[in-house]
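Novice: Please read through the structure below; I'll follow up with questions.
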Amino acid sequence: MAEKEAAFDDAVEERNTPFLYDLVLTHALEWPSLTAQWLPDVTRPEGKDFSIHQLVLGTYTLDEQNHLVIASVQLPNDDTQFDASHYNTEKG
3 MAEKEAAFDD AVEERNTPFL YDLVLTHALE WPSLTAQWLP DVTRPEGKDF
53 SIHQLVLGTY TLDEQNHLVI ASVQLPNDDT QFDASHYNTE KG
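At position 77 of the sequence shown the residue is numbered 79 (the working numbering), and the sequence of numbers has no breaks.
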């Protein structure tokens with residue numbers, strides 16, 4: 003019963019996320035990251051509707067060596083228009 007409620011809660015959260023945030027990007031990591039830091043440099047490719055930001059993540063593992071991971075993230079520009087016709091109301 004608890005698993006069913008948890009699955010329902012997750013589905014509701016996914017469906018309502020667009021109403022809470024302007025943008026949500028997710029990516030599963032092999033290990034949890036307790037440290038995250040945005041780097042100051044931003045690349046704005048000409049003619050594109052996104053900018054490229056870099057993020058440093060610190061891994062946290064019990065029995066393995068920890069690492070710093072530098073990730074590149076493409077974020078839409080502020081003036082990018084959202085096409086709601088591509089939005090899936092069931093999945094979010």
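The beta carbon of each residue, even a glycine, is placed where N, CA and C say it ideally should be.
Roughly how many whole angstroms lie between the Cα atoms of L25 and V71?
Specialist: Translated into the one-based positions of the sequence shown, residue 25 becomes position 23. Translated into the one-based positions of the sequence shown, residue 71 becomes position 69. Going by C-alpha positions, L25 is about 22 Å away from V71.
Novice: In angstroms, rounded to a whole number, what distance separates the CA positions of H55 and N79?
Specialist: As a first step, residue 55 is located in the sequence shown; it is residue number 53 there, counting from the start. As a first step, residue 79 is located in the sequence shown; it is residue number 77 there, counting from the start. Going from the Cα of H55 to the Cα of N79 covers about 11 Å.
Novice: Roughly how many angstroms separate the alpha carbons of L41 and L77, rounded to a whole number?
Specialist: Within the sequence shown, numbered from 1, the residue matching residue 41 stands at position 39. Within the sequence shown, numbered from 1, the residue matching residue 77 stands at position 75. Using only the alpha carbons, I get a separation of about 14 Å.
Novice: Determine the DSSP secondary structure at P47, reduced to helix, strand or coil.
Specialist: Walking along the sequence shown from the start, residue 47 turns up at place 45. It is coil, neither helix nor strand.
Novice: Identify the residues that DSSP records as bridge partners of H29: which are they?
Specialist: Start at 1 with the first residue of the sequence shown, and residue 29 comes out as number 27. Paired residue(s): none; H29 is not in a bridge.
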